[in-house]
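*Asks:*
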Amino acid sequence: MAGPRIHRYPALKRGPGKAGNRLDAKEEAFLAAEAASNKKARNVAILDMTQVSSVADYFVICSASNPIQARAIADAVEEKLGPVTGRGHREGYDLGRWVLLDYGQVVVHIFHEVERDYYNLERLWGDAPALPVAFAEA
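Mapping to the working numbering: the sequence shown position 126 is 185, numbers consecutive.
Below, the structure is given as structure tokens:
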């Protein structure tokens, strides 16, 4: 009994992508993953949440070795996705242990390695298929 998808941020303004085209959620997820990878994020994963949750369509999950790197990754993702999606919501940036960037359809989780092992979102959302990510890792 699947009803209509209700996104938590219906007033989120989506900006134009390249050449005025808007990116779909999957493209946004890969753009975020690429931005994270460019800042040496480790173990970058994209989970397709479309069949298992109404929270978001995709989770992008990655690891940072320290809070400074976590903030650098968050800045890079915001720089890439901000102009494409409009303004997102950010939490945990100051501590840099688990930074969450919420763009409505795409939620980016940037973990310190210890927190990623503890919360283990990949296991928690084990029914969500992982998409292949082909970026070079540090």
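Beta carbons are placed, not taken as given, at the ideal position from N, Cα and C, and that holds for glycine.
If we ignore side chains and look at the alpha-carbon of each, how far apart do LEU183 and VAL166 end up?
*Replies:* By one-based count along the sequence shown, residue 183 stands at place 124. By one-based count along the sequence shown, residue 166 stands at place 107. If you take the alpha carbons of LEU183 and VAL166, they lie about 15 Å apart.
*Asks:* Starting from VAL166, trace the alpha helix (DSSP H) in both directions and tell me its first and last residue.
*Replies:* What you label residue 166 is simply residue 107 of the sequence shown in a count that begins at 1. That residue, VAL166, is in no alpha helix (DSSP H); its beta strand (DSSP E) goes 165-171.
*Asks:* With DSSP as the reference, label ASN97 as helix, strand or coil.
*Replies:* For the purposes of this step, residue 97 is identified with residue 38 of the sequence shown, where counting begins at 1. Three-state DSSP puts ASN97 in a helix.
*Asks:* Is ASP176 helix, strand or coil by DSSP?
*Replies:* For the purposes of this step, residue 176 is taken as the residue at position 117 of the sequence shown. Here ASP176 sits in helix by DSSP.
*Asks:* Sorted by chain position, which residues of the same chain lie with C-beta nearer than 8 Å to GLU138's C-beta, five sequence neighbours on each side aside?
*Replies:* For the purposes of this step, residue 138 is taken as the residue at position 79 of the sequence shown. Hits under 8 Å: ALA94.
*Asks:* If we ignore side chains and look at the alpha-carbon of each, how far apart do SER113 and LEU82 end up?
*Replies:* Taking the sequence shown and counting its residues from 1, one reaches residue 113 at position 54. Taking the sequence shown and counting its residues from 1, one reaches residue 82 at position 23. When rounded, the distance between both Cα atoms is 19 Å.
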